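Asks: Let me begin by handing over the structure; questions about it come next.
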């Protein structure tokens, strides 16, 4: 004779399981079912709020700043005396799982002596790998002018004249001697800050 479960306890068991299912669904959130291999601590470290995002080089000092946090002297920004200190700090951060993207700005001065900040790829490569430009690779008439400019600097200390006159420069082979130089200085014939005629060819 087969054993039969009474109808009433069977219904109670079904209702109980249904109620437990509702409680389970309403109590647990999707966060409980996240992939267990996700490093939650690393995600917290690399969150936008905790990441330093601006690096500024002013002279020899480097300032690492988090623009999303309050300014705190000595803490935000972090101040480094040189590039080696900053490199050691970054190596330490990466060893601890922190790898934050940073905007690097380098302070410089324009032709009007105004302070400006230029965006650079990296403090280790501030020029971004740009090649040096020689006077031979410049466009148009600028090439000839730069070549003349370089030629002037090659002979900038050469004060010898084609007419055989003595020079007041002791570094020249035709130096007239100490007395000769002193006499011209006394007579105010040298030492005037006049334009060097050798530069005139640049502007022709």
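In full-length UniProt numbering, the protein residues as written are 1 to 204. Virtual Cβ for every residue (Gly too), placed ideally from N, Cα, C. Since this is a predicted model, take the numbers as computed values, not measurements.
With distances taken between CB atoms, is the gap from residue 104 to residue 123 smaller than 9 Å?
Replies: yes
Asks: Could you name the residues of the same chain whose beta carbon sits closer than 8 Å to that of residue 116, not counting the 5 residues immediately before and after it, in chain order?
Replies: 107, 108, 109, 110
Asks: Tell me which same chain residues have a C-beta within less than 6 Å of the C-beta of residue 76, skipping the five on either side of it?
Replies: 66, 69
Asks: Going by DSSP in three states, residue 50 sits in which element: helix, strand or coil?
Replies: helix
Asks: From the DSSP output, in three-state form, read off residue 215 for me.
Replies: An answer regarding residue 215 cannot be provided, because it is not within the stretch 1 to 204 covered by the chain.
Asks: Which residues mark the beginning and the end of the alpha helix (DSSP H) in which residue 94 is found?
Replies: For residue 94, the uninterrupted alpha helix (DSSP H) segment begins and ends at 83-95.
Asks: Should the segment 88-104 be regarded as contacting the segment 51-59, the criterion being three or more beta carbon pairs within less than 8 Å?
Replies: yes
Asks: Quick check on the burial criterion: 16 or more other C-beta atoms within 10 angstroms. Buried or exposed for residue 80?
Replies: Flag for residue 80 reads buried.
Asks: What is the residue span of the beta strand (DSSP E) that residue 78 lies within?
Replies: 78-80
Asks: Taking only three categories from DSSP, how would you classify residue 179?
Replies: helix
Asks: Determine the DSSP secondary structure at residue 17, reduced to helix, strand or coil.
Replies: helix
Asks: Roughly how many angstroms separate the alpha carbons of residue 91 and residue 78, rounded to a whole number?
Replies: 15 Å
Asks: When we look at the beta-carbon of residue 23 and count the other beta-carbons within 10 Å, is it buried (16 or more) or exposed?
Replies: exposed
Asks: What do you get for residue 96, buried or exposed, if any count of 16 or more other CB atoms within 10 angstroms of its CB means buried?
Replies: exposed
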